[in-house]
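Engineer:
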Ligand SMILES: Cc1cc2nc3c(=O)[nH]c(=O)nc-3n(C[C@H](O)[C@H](O)[C@H](O)COP(=O)(O)OP(=O)(O)OC[C@H]3O[C@@H](n4cnc5c(N)ncnc54)[C@H](O)[C@@H]3O)c2cc1C
Ligand SMILES: Cc1cc2nc3c(=O)[nH]c(=O)nc-3n(C[C@H](O)[C@H](O)[C@H](O)COP(=O)(O)OP(=O)(O)OC[C@H]3O[C@@H](n4cnc5c(N)ncnc54)[C@H](O)[C@@H]3O)c2cc1C
Ligand SMILES: Cc1cc2nc3c(=O)[nH]c(=O)nc-3n(C[C@H](O)[C@H](O)[C@H](O)COP(=O)(O)O)c2cc1C
Ligand SMILES: Cc1cc2nc3c(=O)[nH]c(=O)nc-3n(C[C@H](O)[C@H](O)[C@H](O)COP(=O)(O)O)c2cc1C
Ligand code: FES
Ligand code: FES
């Protein structure tokens with residue numbers, strides 16, 4: 001047994017560092033599945049989380065897509081919310097004050113409808129002391145103008161990251177789409193352009209048909225597939241990105257329990273985000289934190305950092 | 001009601017034509033999930049199928065990948081069989097004679113380990129009267145040399161299709177991988193190079209971790225994700241390809257029942273293939289055929305061709 | 001609002017295809033308001049993935065197992081078997097575990113009115129029972145209950161026991177009056193123009209109810225349905241078009257959080273979709 | 001080989017964590033050979049997706065419900081609860097539906113021998129019962145049954161009722177002799193060098209059995225496990241390394257079709273993996 005092996009009386013350390021952020025544990029919500037935090041506050045103390053990632057923000061409020069916006073699929077769901085959000089002003093006015101009562105770092109996910117808007121939102125977020133880091137969504141498959149191009153083209157992605165980086169004095173997490181041939185190309189492009197961490201994956205583009213009406217089940221046509229169905233794709237991409245870049249990687253996609261989260265940590269993710277599972281069980285995240293602690297004990301490890309990237313290649 | 005609406009006494013027509021092939025119904029197995037047909041013959045009369053697609057063939061026998069080769073995931077499975085197959089000689093000698101007793105068209109799926117091999121296998125298959133059409137797999141994610149490049153690069157794909165086309169006097173179906181940024185680019189490339197039909201999708205590349213051992217659950221590392229988990233991605237890509245090309249499209253990915261098959265048909269697939277569901281229920285395909293017939297009756301349609309591509313855009 | 005990891009007390013077929021499930025839920029009696037709903041996880045596994053929303057039919061107390069212990073609080077749902085989730089639900093037994101999130105959403109606003117008229121279409125009856133229980137305290141309450149056939153007419157006696165006057169109608173005349181529930185409403189509104197109306201049912205019914213009430217300037221509250229993922233306002237999947245909505249200037253309301261009960265004038269009726277926004281019963285009509 | 005859409009006749013806990021399920025299966029008695037297996041669909045839904053393989057413990061007849069009808073044929077499986085699928089299985093009841101594919105695979109070859117020695121490790125006992133039932137017709141049959149503790153020792157009395165001499169050993173000595181089943185085998189082989197051996201159990205046990213048998217030049221048949229998707233030879237997911245296998249010249253055997261019973265010399269023992277190829281009980285040791 002190595003020196004990292006644990007004294008069974010001590011609580012294992014779950015804290016991780018990501019791009020200068022200190023998280024008390026590696027578990028956070030995925031943007032868009034946890035509102036602005038307040039929605040889930042009745043179910044557990046948000047200070048049990050490593051971080052709080054808020055719904056994707058744009059400069060102005062956005063009304064989102066027509067309905068139906070969601071459809072359930074086998075062990076997954078499609079969504080085309082259309083990035084509905086209150087806009088940065090209302091976020092500052094109505095949402096941030098609530099989050100101030102917690103000691104957990106707030107990570108603000110955001111996007112722009114144009115290059116300039118990306119820069120402008122970054123600048124505004126940069127000023128907010130309550131925001132510990134930002135997560136740049138270049139990968140939203142549901143916004144038809146803008147987003148889609150940045151997310152799948154390495155040059156465009158680098159351009160927006162460079163711009164945002166210039167306007168920002170906080171850690172910058174860049175979130176990637178899985179809908180690409182080679183995610184490592186995207187990862188390297190955003191790393192070079194100044195990303196402090198990479199978060200992957202966003203949703204896979206999918207479609208579902210109501211066969212009785214012969215209509216698409218999502219008004220938008222396509223939607224983003226999330227939930228346990230996509231986990232194997234997410235784990236593979238996180239593994240690839242971890243090999244390809246030097247910045248820390250945050251793993252997302254289909255995590256429902258501690259074992260799922262551990263798949264990502266073991267292949268090298270420094271932290272994880274939980275999305276759709278919050279809908280299935282509003283207490284999924286605190287249960288995952290407890291489960292990670294138990295896993296460390298079972299594996300006789302006193303630090304989760306010894307688990308991260310500990311995949312044995314046979 | 002249109003003229004195509006049915007007289008309730010008549011059996012609805014399920015027959016479809018694909019690239020000169022006449023199929024008595026649009027349901028066939030997906031390559032690699034039905035062996036060479038014989039394995040499932042105890043469970044139903046194979047003549048109930050529209051076509052019989054055989055396991056991917058190469059020139060010489062192939063031993064395949066180390067074990068474990070398969071792992072179950074949420075509503076899906078990963079496989080890295082490594083295209084184990086008996087090779088073209090043994091196929092002709094040991095497998096074709098059995099299939100000769102059926103009146104159902106045999107579609108031989110194949111691949112090569114090099115450009116030359118693709119051509120050579122095509123030439124050999126071309127000579128076989130028992131083979132009604134061939135399905136060219138340019139998209140296998142599990143073979144490390146060759147395959148992966150053809151499947152994700154439009155130029156390489158066009159090259160191999162052109163070559164195969166030259167050696168072939170039978171209908172040519174080209175099977176695409178979903179692991180690309182834009183599947184319509186691939187579809188158009190293989191259509192221009194001479195594909196008579198397009199089949200999509202092959203498996204999504206995925207990975208799974210045994211967290212107790214901290215090992216990958218598939219010896220090969222990555223595996224191909226199949227099963228109902230991937231259906232929304234498959235439906236989306238089939239829809240996109242149908243819009244992009246003029247040749248008929250065969251839809252595959254996560255089909256388990258008639259309703260699933262109908263999602264593909266309604267967005268425009270001319271036929272469907274059933275893969276992983278054969279493992280779940282060896283009688284899945286005959287049940288789907290019956291279900292399609294019932295659906296036509298319920299929708300008062302006397303011909304499945306009226307269903308194909310009948311998606312209402314709202 | 002709480003997530004209960006709790007137990008099924010009973011699960012019985014009420015009429016063909018309709019079930020009533022009683023679930024242990026400490027604290028629910030004080031917490032739940034008429035018109036609220038719960039999200040139920042029908043399986044401990046991941047398929048089906050999402051919880052299913054069900055209106056709260058009623059809450060109540062069961063005597064404790066032993067003297068000295070507090071009575072057991074329960075919540076009751078009535079559900080129609082329509083798909084995979086409700087099929088699993090109907091197979092559950094007394095003593096089986098179940099996860100329940102609630103009470104969720106806003107409820108009905110109890111409007112003082114001389115005549116209170118409740119309009120229920122099929123399973124849309126559900127949220128009206130607790131409402132009736134409150135309203136009978138201060139006035140006349142009438143329930144107009146409609147369905148396609150007699151199997152769709154549920155729990156009417158229970159309303160009668162509260163002192164509610166009930167009027168049953170079915171499309172096929174197999175129970176009560178033959179015809180639409182809105183025909184009955186039209187007569188009642190003619191007679192009681194000062195009424196307040198509360199309705200839940202398929203969208204075509206709600207639309208007709210809205211038109212009658214709007215014409216008569218009668219205040220109307222409706223309870224809507226929408227596909228839901230979270231039930232708590234986090235996913236924004238369940239929105240409906242609010243009054244003034246247009247494509248260029250969209251205005252969405254969140255059904256789970258700002259609803260499921262809306263004042264009729266909060267909604268953009270012309271743009272509400274039968275497909276999603278009505279109650280499940282409308283589904284079959286397609 | 002048939003796909004049965006059938007009914008559970010009973011499902012009982014045998015010892016902590018081990019269950020015995022009896023399933024209605026017309027035609028199975030004549031069809032099933034010792035050493036074959038079935039694939040069971042544990043849920044009508046899609047999660048878990050794949051069927052689970054289980055050895056056939058035994059087949060038999062139940063008296064028909066009425067005179068004049070044929071007796072009811074059944075198949076019995078014994079299973080250990082290890083994960084999601086077996087957890088669902090243990091929750092099923094008499095009368096529940098279940099889908100069953102089988103009988104699958106080859107079986108044991110009945111070798112004439114003066115002494116027949118069966119070696120079972122934990123749940124690896126399963127395929128040996130039907131084998132014993134055949135072998136007792138023509139000679140002495142001994143069952144060496146090992147487990148970690150007494151809970152792992154199953155159905156020994158049933159073997160005794162066939163006339164089989166049984167020898168129980170447990171790692172912790174909580175039942176029978178303290179020690180490994182292979183220690184017992186070593187003694188028996190010393191005494192009966194002309195024996196034929198048949199074994200099923202975790203890979204470390206099988207490996208030790210193989211070494212003893214190879215040293216004594218005693219013929220050995222083993223029943224292996226592998227992750228399986230189809231069970232019928234179609235997916236090629238379940239292969240094991242055959243004799244002569246090497247990385248440059250791979251040689252794989254299909255466990256479901258060419259196995260699950262192999263002659264020991266068909267296998268490349270040095271390259272078999274504990275992780276997959278042994279019986280499930282070995283899993284816990286990691
Ligand atoms: C606020 C609210 C209250 C409701 N109250 C009741 C009630 O008291 N009794 C009752 O029987 N039903 C009620 N419903 C409808 C009920 O939620 C659906 O009938 C149920 O979810 C169908 O699930 P399923 O798996 O059987 O059907 P499926 O059709 O298999 O479900 C597929 C998906 O569609 C969703 N879905 C299907 N129909 C509806 C619908 N009409 N509304 C919302 N989501 C739907 C499901 O949640 C699931 O995600 C209510 C819905 C809402 C939103
Ligand atoms: C030919 C054969 C005969 C068997 N006979 C018996 C028997 O008589 N009694 C018994 O208790 N068990 C038997 N097993 C093992 C049994 O199949 C597994 O324990 C069972 O599939 C575990 O399912 P789970 O969902 O509970 O476990 P999980 O670990 O949740 O299963 C996850 C996946 O791994 C597979 N899997 C897990 N362990 C094994 C294993 N050891 N072998 C094959 N696949 C596995 C499952 O099928 C599933 O795909 C046999 C296996 C084989 C191949
Ligand atoms: C309803 C919904 C809304 C989402 N909104 C956003 C968003 O605003 N910004 C973003 O970067 N990702 C968004 N996502 C993607 C998730 O953050 C996450 O990447 C994805 O759902 C995969 O994780 P999961 O499988 O755990 O849900 C959204 C996902 C869902 C289901
Ligand atoms: C075990 C297995 C083996 C496969 N082998 C092949 C193959 O040899 N050639 C090929 O083109 N596709 C192969 N595939 C892919 C399937 O044909 C199909 O495209 C994919 O599984 C998606 O369909 P499904 O979700 O219905 O399984 C294989 C799939 C599986 C699960
Ligand atoms: S269901 Fe998620 S916001 Fe209403
Ligand atoms: S399990 Fe499919 S070939 Fe053996």
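Residue numbers (full-length UniProt numbering), protein chains in the order written: chain A, 1 to 314; chain B, 1 to 314; chain C, 1 to 286; chain D, 1 to 286. Glycine included, each C-beta is placed from N, C-alpha and C at the ideal position.
(1) What does residue 77 of chain B touch in chain D if you count any residue whose Cβ is under 7 Å from its own?
(2) What residues in its chain sit with their C-beta under 6 Å from that of residue 10 of chain D, if we drop five residues either side in the sequence?
(3) Is there a Cβ of chain A sitting closer than 7 Å to that of residue 131 of chain B, yes or no?
(4) Using the Cβ count rule (16 or more neighbours within 10 Å means buried), how would you classify residue 191 of chain C?
(5) Answer with yes or no whether the minimum CB distance from residue 232 of chain D to chain B is below 7 Å.
(6) Is it true that the region 22–41 of chain C meets the region 113–125 of chain C, where meeting means three or more beta-carbon pairs spaced less than 8 Å apart?
(7) Relative to ligand 4, is the shortest distance from any of its heavy atoms to the C-beta of residue 52 of chain B smaller than 6 Å?
(8) Enumerate in chain order the residues of its own chain whose CB-to-CB distance from residue 3 of chain B is below 6 Å, with the five nearest sequence positions on each side excluded.
(9) Does the beta carbon of residue 77 of chain B fall short of 6 Å from some heavy atom of ligand 1?
(10) From the DSSP output, which residues share a beta bridge with residue 252 of chain B?
(11) Quick check: does the Cβ of residue 83 of chain C come within less than 6 Å of any heavy atom belonging to ligand 8?
(12) For residue 313 of chain A, count the other beta carbons within 10 Å of its own beta carbon; 16 or more makes it buried, fewer makes it exposed. Which is it?
(13) Would residue 135 of chain A and residue 95 of chain A be called neighbours here (beta carbons separated by less than 7 Å)?
(14) Are the region 213–224 of chain A and the region 61–77 of chain A touching by the rule of at least three beta carbon pairs closer than 8 Å?
(15) Would you call residue 103 of chain B buried or exposed, if buried means 16 or more other Cβ atoms sit within 10 Å of its Cβ?
(16) Quick one: using the 10 Å Cβ neighbour count with 16 as the cut-off for buried, is residue 137 of chain D buried or exposed?
(17) Please return the same chain residues whose Cβ sits closer than 6 Å to the Cβ of residue 86 of chain B, not counting the five positions on each side in sequence.
(18) Give every residue of the same chain whose Cβ lies closer than 6 Å to the Cβ of residue 237 of chain D, excluding the five residues on either side of it in the sequence, and list them in chain order.
(19) Is the region 195–204 of chain A close to the region 166–183 of chain A, with three or more CB pairs under 8 Å?
(20) What does DSSP give as the partner residue(s) for residue 266 of chain A in the beta ladder?
(21) In the DSSP assignment, the beta strand (DSSP E) including residue 4 of chain C goes from what residue to what residue?
(22) Taking its Cβ as the centre, do 16 or more other Cβ atoms sit within 10 Å of residue 279 of chain B, making it buried, or is it exposed?
(23) I'd like to know whether the C-beta of residue 146 of chain D is nearer than 7 Å to at least one C-beta of chain C.
(24) Is there at least one Cβ from chain C nearer than 7 Å to residue 315 of chain A's Cβ?
(25) Short check: CB of residue 154 of chain D to CB of residue 14 of chain D, under 7 Å?
(26) Mind pulling the chain B residues with CB within less than 7 Å of residue 259 of chain A?
(27) Run through DSSP, which three-state label would residue 281 of chain A get?
(28) Just how far apart, CA to CA, sit residue 268 of chain D and residue 209 of chain A?
(29) Measuring straight from C-alpha to C-alpha, what distance separates residue 27 of chain B and residue 12 of chain B?
(30) Taking CB distances under 7 Å as the criterion, tell me whether residue 206 of chain A reaches chain B.
(31) Is the closest heavy atom of ligand 1 to the C-beta of residue 79 of chain C under 6 Å?
(32) Find the nearest neighbour of residue 116 of chain C within the set C:165, C:211, C:76, judged by alpha-carbon distance.
(33) What residues from chain C crowd round residue 45 of chain D, counting only those whose CB sits closer than 7 Å?
(34) Per DSSP, which one or two residues make a beta bridge with residue 39 of chain A?
(35) Please state whether DSSP places residue 88 of chain A in a helix, a strand or coil.
(36) With 7 Å as the threshold, decide whether the Cβ of residue 263 of chain C is near any Cβ in chain A.
Structural biologist: According to the data block:
(1) Here residue 77 of chain B is taken as the residue at index 77 of the second chain, counted from 1. Going along chain D in sequence order, the residues near residue 77 of chain B (Cβ under 7 Å) are 49, 50, 229.
(2) As a working note, residue 10 of chain D is residue 10 in the fourth chain. Within its own chain, the residues whose Cβ lies closer than 6 Å to the Cβ of residue 10 of chain D, once the five positions on either side in sequence are excluded, are 22, 94, listed in chain order.
(3) As a first step, residue 131 of chain B must be located in the second chain, where it is residue number 131. It does not: the Cβ of residue 131 of chain B has no partner Cβ on chain A nearer than 7 Å.
(4) Along the third chain, one-based indexing puts residue 191 of chain C at 191. It counts as exposed.
(5) Within the fourth chain, the letter at position 232 stands for residue 232 of chain D. For residue 232 of chain D, the nearest CB of chain B lies under 7 Å from its own CB, placing it at the interface with that chain.
(6) With fewer than three CB-CB distances shorter than 8 Å, the region 22–41 of chain C does not count as touching the region 113–125 of chain C.
(7) Working through the second chain from its first residue, we reach residue 52 of chain B at position 52. Residue 52 of chain B has its CB no nearer than 6 Å to any heavy atom of ligand 4.
(8) Residue numbering aside, residue 3 of chain B sits at position 3 when the second chain is read from its first letter. Legend: pLDDT at residue 3 of chain B = 46, less than 50; position of this residue unreliable, no value from coordinates given.
(9) By one-based count along the second chain, residue 77 of chain B stands at place 77. Shortest gap from the CB of residue 77 of chain B to any heavy atom of ligand 1: 6 Å or more.
(10) Translated into positions along the second chain, residue 252 of chain B becomes position 252. When DSSP reads this structure, residue 252 of chain B sits in a beta bridge with B:273.
(11) Ligand 8 is absent from the structure shown, which contains only ligand 1, ligand 2, ligand 3, ligand 4, ligand 5 and ligand 6.
(12) The sequence position of residue 313 of chain A within the first chain is 313, counting from 1. By the neighbour-count rule (16 or more Cβ atoms within 10 Å), residue 313 of chain A is not buried but exposed.
(13) In the first chain, residue 135 of chain A corresponds to position 135, counting from 1. In the first chain, residue 95 of chain A corresponds to position 95, counting from 1. A distance of 7 Å or more separates the beta carbons of residue 135 of chain A and residue 95 of chain A.
(14) Three or more Cβ pairs closer than 8 Å define a contact, and the region 213–224 of chain A meets that threshold against the region 61–77 of chain A.
(15) Counting from 1 along the second chain, the entry for residue 103 of chain B is found at position 103. Answer is exposed; the Cβ neighbour count stays below 16.
(16) Within the fourth chain, numbered from 1, the residue matching residue 137 of chain D stands at position 137. Exposed, because fewer than 16 other Cβ atoms sit within 10 Å of the Cβ of residue 137 of chain D.
(17) Here residue 86 of chain B refers to the residue found at position 86 of the second chain. Counting only Cβ-Cβ distances below 6 Å, and skipping sequence neighbours, we find 61.
(18) By one-based count along the fourth chain, residue 237 of chain D stands at place 237. Cβ within range, chain order: 229.
(19) Yes, the region 195–204 of chain A touches the region 166–183 of chain A.
(20) Here residue 266 of chain A corresponds to residue number 266 of the first chain, with the count starting at 1. Answer is none; residue 266 of chain A lacks a bridge partner.
(21) Against the third chain, residue 4 of chain C aligns to sequence position 4. Per DSSP, residue 4 of chain C belongs to the beta strand (DSSP E) from 2–15.
(22) In the second chain, residue 279 of chain B corresponds to position 279, counting from 1. Label assigned to residue 279 of chain B: buried.
(23) Here residue 146 of chain D corresponds to residue number 146 of the fourth chain, with the count starting at 1. Residue 146 of chain D does not count as touching chain C.
(24) Outside the displayed span of chain A (1 to 314) sits residue 315 of chain A, for which this structure offers no information.
(25) Taking the first residue of the fourth chain as 1, we reach residue 154 of chain D at position 154. Taking the first residue of the fourth chain as 1, we reach residue 14 of chain D at position 14. Going by C-beta atoms, residue 154 of chain D is nearer than 7 Å to residue 14 of chain D.
(26) The sequence position of residue 259 of chain A within the first chain is 259, counting from 1. Here the neighbours are 211.
(27) As a working note, residue 281 of chain A is residue 281 in the first chain. Coil.
(28) Counting from one through the fourth chain, the residue named residue 268 of chain D turns up at place 268. Counting from one through the first chain, the residue named residue 209 of chain A turns up at place 209. A straight-line Cα-Cα distance of about 50 Å links residue 268 of chain D and residue 209 of chain A.
(29) Counting from one through the second chain, the residue named residue 27 of chain B turns up at place 27. Counting from one through the second chain, the residue named residue 12 of chain B turns up at place 12. Their backbone Cα atoms lie some 15 Å apart in a straight line.
(30) Taking the first chain and counting its residues from 1, the one referred to as residue 206 of chain A is at position 206. Interface residue, yes.
(31) Start at 1 with the first residue of the third chain, and residue 79 of chain C comes out as number 79. Checking every heavy atom of ligand 1 against the Cβ of residue 79 of chain C, one is found closer than 6 Å.
(32) The residue you call residue 116 of chain C lines up with position 116 of the third chain. Cα-wise, what sits closest to residue 116 of chain C is C:165.
(33) One-based indexing of the fourth chain puts residue 45 of chain D at position 45. Near residue 45 of chain D (Cβ distances below 7 Å), the residues of chain C are 47.
(34) Along the first chain, one-based indexing puts residue 39 of chain A at 39. None, per the DSSP bridge assignment.
(35) Here the question's residue 88 of chain A lines up with position 88 in the first chain. Residue 88 of chain A: helix per DSSP, three-state reduction.
(36) By 1-based counting over the third chain, the position of residue 263 of chain C is 263. No, residue 263 of chain C lies away from the interface with chain A (no Cβ there is under 7 Å from its Cβ).
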